[in-house]
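What follows is the structure in structure tokens.
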């Protein structure tokens, strides 16, 4: 592959400058937006009790089955399902908050992010028929 064989972004005749500026805008807006978000976790409460330990019981049995017999299908299924339950439980108990910020700053963040995505899309998808 020679340098002359390289095409523009997305294999189109779209502008490389538009793509780079859009990428920088998207990264800047995304960073500004994400830096204002706080993520906390709740508790695995069921009837007022912490129930996270209950999700570990099948994992322990699965690990025991696999240590006893490495080809134990039931053991591997228990391990896989336990990991899915634990991961989904963690994700379902996350609480996401957007920190208070001024309307001006919020508009700047969203314009940078959405405008950057628009410039990237224009650079990648524009003039596909001309190439």
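Numbering (this note's numbering), first residue to last: 54 to 184.
Glycine residues also receive a C-beta, built at the ideal position from the N, C-alpha and C atoms.
Since the structure is predicted, the reported quantities are computational estimates derived from the model, not experimental observations.
Any idea which residues DSSP pairs residue 94 with across the strands? DSSP lists 147 as partners of residue 94.
Residue 75 in three-state terms, based on DSSP: Shown here, residue 75 sits in a helix according to DSSP, grouped into three states.
Where does the unbroken alpha helix (DSSP H) through residue 175 begin, and where does it stop? 156-178
If I'm right that residue 89 touches residue 151 with Cβ under 8 angstroms, what's the distance once you round it to whole angstroms? 6 angstroms
Candidates 130, 123, 135 and 121, of which the one nearest residue 110 by Cα: Comparing C-alpha distances from residue 110 to each of 130, 123, 135 and 121 shows the shortest one belongs to 135.
Using 9 angstroms as the threshold, is the C-beta distance between residue 83 and residue 172 below it? Cβ atoms of residue 83 and residue 172: not closer than 9 angstroms.
Could you check if residue 79 is buried or exposed, using at least 16 other CB atoms within 10 Å of its CB as the buried criterion? buried
Taking residue 108 as part of the alpha helix (DSSP H), name the residues at either end of that continuous run. Unbroken alpha helix (DSSP H) run through residue 108: 105-121.
Please return the same chain residues whose Cβ sits closer than 8 angstroms to the Cβ of residue 112, not counting the five positions on each side in sequence. 131, 132, 135, 136 and 139
Within 10 Å of its beta-carbon, does residue 167 have 16 or more other beta-carbons around it, so buried, or fewer, so exposed? exposed
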